[in-house]
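Heads up: the sequence shown is residues 1 to 100, going by the numbering used here.
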Amino acid sequence: MRVELLYFDGCPSWREAESRLIVALGRACGTSTVERVCVTDEAHAATLEFPGSPTFRVDGADLFPAADAVAGLSCRLYRTPEGLSGAPTVAQLVEALAGR
1 MRVELLYFDG
11 CPSWREAESR
21 LIVALGRACG
31 TSTVERVCVT
41 DEAHAATLEF
51 PGSPTFRVDG
61 ADLFPAADAV
71 AGLSCRLYRT
81 PEGLSGAPTV
91 AQLVEALAGR
């Protein structure tokens, strides 16, 4: 299983997202290997079909796909039980990973 965290340096949430992803991977899969993909500019974002930072992909598929996503260097928001957040909760990540 290939796990990627796509982000851009200006995103304030990507480090917390990575920490949560590592914990979730340990719980769901017994692994913690994450490949970081730093998206450097709008052209790179378009090539990767990057819907915002942070984005979580497993084997190339977005764990939280959005039908109306537009590629670009932007911060992504996730719906959590506590409201909108810059990263999904560990529990949400575990659930998404379990389906893979």
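Here a beta-carbon is modelled for each residue, glycine too, at the ideal position from N, C-alpha and C. Every value quoted in this text rests on a predicted model; they were computed, and no experiment measured them.
Could you check the C-alpha separation between Cys38 and Arg20 for me, to the nearest Å?
The sequence position of residue 38 within the sequence shown is 38, counting from 1. The sequence position of residue 20 within the sequence shown is 20, counting from 1. Their Cα atoms are separated by approximately 18 Å.
Give the C-beta separation of Ala69 and Pro51 to the nearest angstrom, bearing in mind that I take them to be a contact with Cβ-Cβ under 8 Å.
Taking the sequence shown and counting its residues from 1, one reaches residue 69 at position 69. Taking the sequence shown and counting its residues from 1, one reaches residue 51 at position 51. Right, the Cβ-Cβ distance comes to about 3 Å (below 8 Å), so this counts as a contact.
8 Å Cβ cutoff met for Pro65 and Tyr78
Along the sequence shown, read from residue 1 onward, the residue named residue 65 stands at position 65. Along the sequence shown, read from residue 1 onward, the residue named residue 78 stands at position 78. Against a cut-off of 8 Å, the Cβ pair of Tyr78 and Pro65 comes out as no contact.
Please state the DSSP three-state secondary structure of Ser85.
Taking the first residue of the sequence shown as position 1, residue 85 is located at position 85. Strand.
First and last residue of the alpha helix (DSSP H) that includes Thr47?
For this step, residue 47 is matched to residue 47 along the sequence shown. Element bounds for Thr47: 42-48.
Which of helix, strand or coil does DSSP assign to Leu93?
What you label residue 93 is simply residue 93 of the sequence shown in a count that begins at 1. Residue state, collapsed to three classes: helix.
Within 10 angstroms of its Cβ, does Arg15 collect 16 or more other Cβ (buried), or is it exposed?
By 1-based counting over the sequence shown, the position of residue 15 is 15. Burial call: exposed.
By Cβ distance, which residues of its chain are closer than 6 Å to Ala17, with the 5 residues on each side in sequence left out?
If you number the sequence shown from 1, residue 17 lands on position 17. Closer than 6 Å at Cβ, skipping near neighbours: Pro54, Ala87.
Contact with chain C by Val70, beta-carbon distance below 8 Å
The structure shown contains no chain C; it is built from a single protein chain.
Among Val94, Gly99, Arg100, whose alpha-carbon lies nearest the alpha-carbon of Arg27?
Working through the sequence shown from its first residue, we reach residue 27 at position 27. Minimum Cα distance to Arg27 is reached at Val94.
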